[in-house]
Amino acid sequence: MSAATLDHSVVTDSSVQPAFFSFFPRKRGPQNVPSLPPPSDERMRQSLCESPLDLQGTTLLDKEETVLYLAYGSNLCYETFQGRRGIKPLAQINVVVPSLRLTFDLPGIPYTEPCFSNSGLRSPPSGSDNEKTPLIAPASEYHKDCWKKGLVGVVYEVTLKDYAHIIATEGGGTGYKDVLVDCHPLDDEDAVPEQPVSQPFKAHTLFAPTQKDGRLKRPDPSYAQPSARYLKLITNGAEEHGLPRDYRDYLYAIRPYTITTKRQRVGQIVFNAVWLPLFLVMISMQEAFQDKNGNSPKWLAAFANALVNAAWASYDGLFKKLFGDGERTMDKDDEEMQVQACLRRKVCGAQSGARIK
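Written out as structure tokens, the structure reads:
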């Protein structure tokens, strides 16, 4: 897939829905998952001639075919993908996608699940790129952005019915389009190649335009840290599939969001009390109104985007000021600085009021 295709898009593997599993955490480690064969050579060659699927049409259930689906976030984990979501892959293979990079910039729920995994366009390692469309900006200094190689994941071969269910569990297809990306099989257990030489094939994944669908975009997309629960799903999946060691080391080195103050804990309780019931209503409506392809109607998609935007607006305008950071771990020094800043604002306000009188 070219840079022009993805320049104003994000490829996504998550929605707000998985955040609610954090209220019922499981402390399981990597599981001994059933071994599946890779897709046949014929199936991978066939993928080179495929076209993107019409998520709004009737193609997903009208044909007795399979889909090669790229997963890289929590869908790597057996407990999530095959357990909770009930997907039954027919085959699987570890891959690297040179055109994409892993990010954690999909907003979730402040104080509980600050962000989810996502992906964006990756700058090529050399100056040989001929695309006229501008590529992504250089990665920031955040620790979770230090992975410079291509996106690492697993391609599952699933039925069209299961692919429709995947769409439904990724937010009801809200604003998504199906695209094809070039995937290179991974053989080396220790290191991901910078420029893979294995024969590529194509796999389907979902992307969402970032400019026209009203989706929330944080001021600094790399600022938020994923929760320890969410990171554990990804690292468990990486272990279960035996992804390359350097990639697993990178995942284990990512620092999770941790509540360090009583104010943050109170903020989490209050925020969840206000917004959790509304999110549960939204999820119930998505399940009730989705079509046979797993898509939500446009009015419900607009409602879901508006609800997420409103929740984060309340965090930026009120909760963060009162209770502290709900996206990134605060040090004790950060807490003290915020308290002092709050006191200074009160003193300045009182002095200003006295001068007015």
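Per UniProt numbering: the sequence shown = residues 1 to 357. Ideal placement from N, C-alpha and C gives every residue a C-beta, glycine not left out. Since we're looking at a predicted model, the values are computed, not measured.
Next item on the list: Figure out for me which residue from Ala310, Asp145, Lys161, Glu42 has the closest Cα to the Cα of residue 434.
Entry: The requested residue 434 is not part of the displayed model; the chain covers only 1 to 357.
Note to self: Measuring alpha carbon to alpha carbon, tell me which residue in Ala168, Tyr111, Leu121 is nearest Asp291.
What the structure shows: The residue with the shortest Cα to Cα distance from Asp291 is Ala168.
Item checked: C-alpha distance - Asn295 paired with Thr260, whole-angstrom precision -> 39 Å
Margin query: What does the Cβ neighbour count give for His165, buried or exposed, with the cut at 16 atoms within 10 Å?
Written below: In the assembly as shown, His165 is a buried residue. Its beta-carbon has 16 or more other beta-carbons within 10 Å.
Next item on the list: State the beta-bridge partners of Ala168 as determined by DSSP.
Entry: BP columns for Ala168 are empty, so no partner.
Next item on the list: Could you say if the stretch 103-118 and the stretch 39-56 meet the contact criterion of at least three C-beta pairs nearer than 8 Å?
Entry: no
Checklist line | From Glu157, Leu102, Leu106, residue whose alpha carbon lies closest to that of Pro38 | finding: Glu157
Next item on the list: Give every residue of the same chain whose Cβ lies closer than 8 Å to the Cβ of Arg255, excluding the five residues on either side of it in the sequence, and list them in chain order.
Entry: His143, Lys144, Gln225, Thr329, listed in sequence order.
Notebook entry, point to check: Going by other Cβ atoms of all chains shown within 10 Å of its Cβ, with 16 needed for buried, is Cys77 buried or exposed?
Noted result: buried
Note to self: Considering just the uninterrupted stretch of the alpha helix (DSSP H) at Phe104, what are its terminal residues?
What the structure shows: Unbroken run through Phe104 is the beta strand (DSSP E), 100-109; no alpha helix (DSSP H).
Margin query: Taking CB distances under 8 Å as the criterion, tell me whether Val33 reaches chain C.
Written below: No chain C is present in this structure, which holds just one protein chain.
Margin query: Restricting to runs no shorter than 4 residues, where is the alpha helix (DSSP H) found entirely within the stretch 230-260?
Written below: 245-253
Next item on the list: If I'm right that Val181 touches Ser99 with Cβ under 8 Å, what's the distance once you round it to whole angstroms?
Entry: Your pair Val181 and Ser99 checks out as a contact, with CB atoms roughly 6 Å apart and the cut at 8 Å.
Note to self: According to DSSP, simplified to helix, strand and coil, what is Val158?
What the structure shows: In the displayed model, Val158 falls within a strand according to three-state DSSP.
Checklist line | Residues bridged to Ser227 (per DSSP) | finding: Tyr257
Item checked: Selection from Gln46, Glu240, Asp162 that minimises the alpha carbon distance to Arg85 -> Asp162
Check: Just the Cα atoms here: how many angstroms apart are Thr133 and Gly153?
Finding: A caution first: Thr133 carries a pLDDT of 37, below 50, which makes its placement in the model unreliable, though a value can still be read off. Counting only the Cα atoms, Gly153 lies some 26 Å from Thr133.
Check: How about Glu287 and Tyr223: are their beta carbons less than 8 Å apart?
Finding: The answer is no: Cβ separation not under 8 Å.
Item checked: Helix, strand or coil at Val308 [DSSP, three-state] -> helix
Check: Met282 and Ala310: beta carbons closer than 8 Å?
Finding: no
Next item on the list: Within 10 angstroms of the Cβ of Ser74, are there 16 or more other Cβ atoms? Answer buried if so, exposed if not.
Entry: buried
Item checked: For Cys204: DSSP bridge partner residues -> Note that residue 204 is His in the sequence shown here, rather than Cys. Per DSSP, Tyr69, Leu180.
Check: Can you round the beta-carbon distance between Leu70 and Arg101 to whole angstroms, since I take them to be within the 8 Å contact cut?
Finding: Leu70 to Arg101, Cβ: 14 Å. No contact.
Notebook entry, point to check: When DSSP builds the beta bridges, which residues end up paired with Gly150?
Noted result: Answer is none; Gly150 lacks a bridge partner.
Check: Ile87 to Leu160, Cα distance in whole Å?
Finding: 11 Å
Check: Just checking my contact of Leu322 with Pro244 at CB under 8 Å: how many whole Å lie between their CB atoms?
Finding: Leu322 to Pro244, Cβ: 44 Å. No contact.
Check: What's the C-alpha gap between Val192 and Trp299?
Finding: 43 Å
Note to self: Assuming the contact rule is C-beta atoms closer than 8 Å, Gln264 and Gly324 should be a hit. Round their C-beta distance to whole Å, please.
What the structure shows: 5 Å
Check: By how many angstroms is the C-alpha of Tyr257 removed from the C-alpha of Arg229?
Finding: Rounded to the nearest angstrom, the gap between the Cα atoms of Arg229 and Tyr257 is 10 Å.
Next item on the list: Have a look at Glu189, Thr103, Lys202 and flag the residue whose alpha-carbon is nearest the alpha-carbon of Leu48.
Entry: Lys202
Item checked: Rounded distance between the beta-carbons of Val33 and Ile93, thought under 8 Å -> Going by Cβ atoms, the distance from Ile93 to Val33 rounds to 14 Å, so no, they are not a contact pair.
Next item on the list: Using 10 angstroms around the beta-carbon of Pro200, count the other beta-carbons present and answer buried if the total reaches 16, otherwise exposed.
Entry: Sixteen is the threshold: when 16 or more other Cβ atoms of the shown chains lie within 10 Å of the Cβ of Pro200, as they do, the residue is buried.
Margin query: Tell me the rounded alpha-carbon separation between Ala91 and Phe319.
Written below: 46 Å
Notebook entry, point to check: According to DSSP, what are the bridge partners of Gln92?
Noted result: Tyr156
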